[in-house]
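Presented below is the structure to which this report refers.
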Amino acid sequence: MPDRTCMYRYIVAYFLQNNKTRLALDFYLLSCLSVPEPSIAVSESVIIIPEVDSILLQCNLTSTYSAPQESYWMKNGEEILGTRSPNKNTEHRINRPRGDDAGVYMCVYNFDMAPPANATIEIKSAPMITGHKRSENKNEGDNGVLYCKSVGYPHPVWTWHKIDNSGIRDFDNSTGRFFISSRENYTELHIADLDINLDPGEYLCNASNIIGSYSEKSVLRVRSLLAPLWPLLGVLAEIIILVIIIVVYEKRKKPEDLQDGESTAVIVNFIWGVLVKL
Amino acid sequence: MTNSKLKSKSQGNGVESPDGGWGWVLVVAMFVSTSLVFGLMRSLGVFFVEFVQYFEESAQAISWISSIGLAAQQFFSPLGAALCNAYNTRPVVMTGGFLSGLGLILASQATCLVHLYLTMGVISGLGWGLVFTPMVATVMANFTHRRALAVGLGFSSIGLSSFAFNPLFQLLVETYAWRGALLILGGLSLNIMACGALIRPECRSKGPAKLDSQSRLPCSDMLQRVSSYLEVSLLCERPYLTYTLGVTLFNFGYFVPYFHLVAHSRHVGFSEYGAAFIMSAAGVTDIFGRIVSGWFSDLGHFRVIHLLILWTVLAGVFIMLLPVSSLMGSYSALMVISLLYGFCSGALTSMVFAVVPMIMGVERMMGGLGLLQLIESCAGLLGTPLSGWLRDNTGNYVASFMVAGSFILLGSLTMTTLPHFFSCTDPPPPKRPVLIDNSDALRLELAQKNCCSSEMNHQAVEQTKR
Chain G
1 MPDRTCMYRY IVAYFLQNNK TRLALDFYLL SCLSVPEPSI AVSESVIIIP EVDSILLQCN
61 LTSTYSAPQE SYWMKNGEEI LGTRSPNKNT EHRINRPRGD DAGVYMCVYN FDMAPPANAT
121 IEIKSAPMIT GHKRSENKNE GDNGVLYCKS VGYPHPVWTW HKIDNSGIRD FDNSTGRFFI
181 SSRENYTELH IADLDINLDP GEYLCNASNI IGSYSEKSVL RVRSLLAPLW PLLGVLAEII
241 ILVIIIVVYE KRKKPEDLQD GESTAVIVNF IWGVLVKL
Chain X
1 MTNSKLKSKS QGNGVESPDG GWGWVLVVAM FVSTSLVFGL MRSLGVFFVE FVQYFEESAQ
61 AISWISSIGL AAQQFFSPLG AALCNAYNTR PVVMTGGFLS GLGLILASQA TCLVHLYLTM
121 GVISGLGWGL VFTPMVATVM ANFTHRRALA VGLGFSSIGL SSFAFNPLFQ LLVETYAWRG
181 ALLILGGLSL NIMACGALIR PECRSKGPAK LDSQSRLPCS DMLQRVSSYL EVSLLCERPY
241 LTYTLGVTLF NFGYFVPYFH LVAHSRHVGF SEYGAAFIMS AAGVTDIFGR IVSGWFSDLG
301 HFRVIHLLIL WTVLAGVFIM LLPVSSLMGS YSALMVISLL YGFCSGALTS MVFAVVPMIM
361 GVERMMGGLG LLQLIESCAG LLGTPLSGWL RDNTGNYVAS FMVAGSFILL GSLTMTTLPH
421 FFSCTDPPPP KRPVLIDNSD ALRLELAQKN CCSSEMNHQA VEQTKR
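Here the protein sequences line up with chains G and X, keeping their order. Residue numbers for the first sequence follow full-length UniProt numbering, beginning at 1 and rising by one. Residue numbers for the second sequence follow full-length UniProt numbering, beginning at 1 and rising by one.
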């Protein structure tokens, strides 16, 4: 038996009591219009898996008072454009479903004389991480930020781990420098005051929901402030040695300058002559 | 055949026509120092990306750094030349190397953009100006028959180092952050000091010859000395002025393809990598052009000035053909024209410097080159914004390439008005005008001989001691 929604009418009445006008609001059940609540038959919840080519969401409006004015689809609380139609049975097709097609879908019916009715279908999928920082290079003492973005429904639970030689392990926040902030599909790991001995390495962000889980690695490198000084000192040493060699060579060779220049000129010209003739 | 001729010449008086020997060592020094000046300047693009991110300024504000550096290098060239005329070349080049390294090391500590302008722009630019012109002039002074080849070999370093420095700088920036990378670059730039140490001090006739021993006011004496160090007298000579005007017109058009070819290729519709590859290919033929044209002109079949006109006309024509070839939409046509353009532009660079001693004589080459750099810098500064303005107003690059090519052709036309242009052999190079009377000349000659001979006596004594 269909449910009944009774429409109540209310009247306002004034009456005299003790010679004073009083206001009374009374509700009178004047009529109980059998307005059956619309029932909508929906297709089942779907889980997106890679083999699925397309997904068809269907809503069939049964047992309703009047024909709907229009119907449309909403995804995650926002209307999907181009789905408005006056049909009782409405459907929405998703071709080649991907991770970001997951979410809460709703078919909504608008009536002339009745409140709108809707039904929800959930499309679930395992989370997939679509954006993350592959590597972060920071100086010692700076603040480092690693982030991960995902798509999928239901929204995943985020965890961060550090990978070292012994494998994946939770990092200890004893120094209090790590701070994780996570939203539905986004998480950030903040590390304050980078330490060159403890912090560099691979970090893992893990997103998991009821369907599955996914994780991605990011590499954190910490540059020492004194690191460029060593190559600089090396280059300076090389230059000083070269200059000393050149000056010493010149001082020692000066007496034989003319003969030296001549003999090397002869050798060089000979080589060039051979090359030119070739 | 050339061996015996050169041997006999060098046996005569080794100072007049040097060729080879220590000159090749100087070519290596020029190779290294030019690559550290211009190759470094051209590869600073990697740092500019980092600067835009760090200082949060617009790309235009950041690009002023390299403009100031280039302008400073060209502006201080006459200063470098004058200092070499006054003192020896070696301390000037070593100072220039020190300043350029110092500028980069100080830039690594910059906290705002103005610091970068002052350190990387002014200080390093001053250092580069003190290095480039003296190095080129010294190499050219050390060669007579193989001058163009030596200069071509020296300049080929610019193309090669642009190739090598771009990935190297990228690696440095990634490993050490831009501050550390600038620090290391400053150290690398100090290698110019080692190059400068290779320049042997000579007994130059320049210093004493400038003195005017008549009783004159000290300030006008100083003024005269300074003006002769700067070779200001060259500005009164018609050949030099004509040549400078021609080179200035070249510079209006020369840099346009380097700045606009990539943008033009992408505008026509080629991919990013395709456009970048065209530039790289043009760079490779540029290197070949420099060496081959130097070698070819040294063979002596043609006069250097005629070869210069040949290469500049070809370069102008190819620049004008660049937009035409891409109008047809064919990538291979654009590539071929770019390769040919690269070759001609490298060839003309070698020739432009090789012609200089013909116009002004070997003794005045130093100051002449300095002034030339200063005057042509204006054209370089104006040429690229002009072509950018043309592009903004016409909507594509056709007009700017055409104008650039026509400037180069106009420069070639100007060169044809040089005296003795149409003769088949080189005229004798003009000597510096002599300002002093004979008695002084005799005294100065004796003084000069004493200077050189005292050194030789000292060395002879040293030798006998051993």
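Note that CB positions come from ideal geometry on N, CA and C, so glycine has one too. As the structure is a prediction and not an experimental result, all values here were calculated from the model.
- Taking C-beta atoms as the reference points, X/Arg-364 and X/Ala-197 fail to come closer than 9 Å.
- Neighbours of X/Ala-194 across chain G, judged by C-beta separation under 8 Å: Ile-239, Leu-242, Val-243, Ile-246.
- For the pair G/Trp-158 and G/Thr-130, the CB atoms are not nearer than the 9 Å cut-off.
- Residue environment for G/Met-113: exposed (fewer than 16 other C-beta atoms within 10 angstroms of its C-beta).
- Of G/Arg-98, G/Val-108, G/Ile-94, G/Tyr-153, the smallest CA-CA separation from G/Glu-122 is found for G/Tyr-153.
- Under the 9 Å criterion on CB atoms, G/Asn-139 is classed as interfacial with respect to chain X.
- A direct Cα-to-Cα measurement between X/Ala-81 and X/Thr-133 gives close to 7 Å.
- The Cβ atoms of X/Phe-31 and X/Phe-169 do not sit closer than 9 Å to each other.
- One thing to note: X/Gly-180 has its Cβ no nearer than 9 Å to the Cβ of X/Leu-190.
- Residue burial annotation: G/Leu-194 is buried, with at least 16 other C-beta atoms found within 10 angstroms of its C-beta.
- For X/Leu-261, the enclosing alpha helix (DSSP H) starts and ends at 256 to 268.
- Burial is judged here by how many other beta carbons sit within 10 angstroms of a residue's own beta carbon; X/Gln-373 has at least 16 and is buried.
- Interface annotation for the stretch 159 to 177 of chain X against chain G: Leu-172, Glu-174, Thr-175, Tyr-176, Ala-177, criterion Cβ-Cβ distance under 9 Å.
- G/Glu-51 has a beta carbon lying at 9 Å or more from every beta carbon in chain X.
- Of G/Pro-228, G/Pro-86, G/Glu-238, G/Ser-71, the smallest CA-CA separation from X/Gln-109 is found for G/Pro-228.
- When Cβ-Cβ separations below 9 Å define contact, X/Ile-184 makes contact with chain G.
- For X/Leu-102 against X/Ile-123, the beta-carbon gap comes to about 6 Å, under 8 Å, which counts as contact.
- When Cβ-Cβ separations below 9 Å define contact, G/Pro-228 makes contact with chain X.
- If you check each beta-carbon in the stretch 204 to 226 of chain G against every beta-carbon of chain X, the ones closer than 7 Å belong to Arg-223.
- Collapsing the DSSP output to three states places X/Cys-112 in coil.
- Interface with chain G (9 Å Cβ-Cβ cutoff): X/Gly-187 is included.
- For the pair X/Met-94 and X/Met-193, the CB atoms are nearer than the 9 Å cut-off.
- When only Cα atoms are considered, X/His-306 and X/Val-313 end up about 11 Å apart.
- Ranked by Cα distance from G/Ala-41, the options G/Ala-192, G/Asp-101, G/Thr-90 are led by G/Thr-90.
- The bridge partners DSSP lists for G/Phe-179 are G/His-190.
- Not a single CB atom of chain G sits nearer than 9 Å to the CB of X/Asn-88.
- Only exposed fits X/His-301, as fewer than 16 other CB atoms lie within 10 angstroms of its CB.
- The CB of X/Gly-370 never comes closer than 9 Å to any CB in chain G; the least such distance is about 26 Å.
- For G/Gln-58, the enclosing beta strand (DSSP E) begins and ends at 54 to 62.
- Per the C-alpha coordinates, the member of X/His-145, X/Leu-334, X/Ser-77 positioned closest to X/Leu-130 is X/Ser-77.
- Taking 9 Å as the threshold, the shortest C-beta distance from X/Leu-198 to chain G falls below it.
- By the C-beta density criterion, G/Val-247 is exposed, having fewer than 16 other C-beta atoms within 10 angstroms.
- Taking all protein chains in view, the Cβ of X/Glu-272 is surrounded by fewer than 16 other Cβ atoms within 10 Å, so the residue is classified as exposed.
- Restricting attention to alpha helix (DSSP H) runs no shorter than 4 residues, the stretch 72 to 97 of chain X encloses them at 77 to 86, ordered along the chain.
- Scanning the stretch 146 to 202 of chain X from its first residue to its last, the whole alpha helix (DSSP H) runs of 4-plus residues come out as 147 to 189, 191 to 197.
- Taken atom to atom, the span from the alpha-carbon of G/Ser-150 to that of X/Val-262 is near 37 Å.
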